[in-house]
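Accompanying notes for the structure given below.
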Amino acid sequence: VTLQIILGETARELYIIYPYSMLEPIKEKLYSGLVSDHVDQNGEWTHRFRERLQDCPLPIAVRLGTATVTVKDAMNFSPGDVILLDQHPGDPLDCYVEGHHKFQGSPGIYKGNHACRVTKIVS
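Here it is in structure tokens:
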């Protein structure tokens, strides 16, 4: 299901995705007599569902490193302070998809933007 949300001059799409296993038991009701059963038999419904799913945006986060500081130190941070991370330069960066560690990569620049080249598939 794709919804377009407009707030002021900003428009964004909201994707609601249901697993096929959840929709399959109620597919008859979803068709509402407009589509015959042969559509699912030849895989057209599944194909369209997968096709739409592939167009959904998927957030990816690349973690440079982590650190633990005291509350006192965090409250006293000012511009120019340095936070020591647990990663060493040259170590592979962890890449997360929806909060799940999926890849490792190396940092770089691509077309003038910071980038991460995938070097290993984790899971």
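With this note's numbering applied, the sequence shown closes on residue 631, and no number is skipped along the way.
Built from N, CA and C at the ideal position, the CB exists for glycine as well.
Sequence-distant Cβ neighbours of residue 625 in its own chain, meaning closer than 7 angstroms and more than five residues away, are 613, 614 and 616. According to the DSSP assignment, residue 557 belongs to the alpha helix (DSSP H) that extends over 552 to 562. Here residue 602 is buried. Its C-beta has 16 or more other C-beta atoms within 10 Å. For residue 531, the enclosing alpha helix (DSSP H) stretches over residues 528 to 531. Within the model, the alpha-carbon separation for residue 509 versus residue 599 is close to 40 angstroms. Nearest neighbour of residue 512 by Cα position, chosen from 586, 564, 530 and 553, turns out to be 564.
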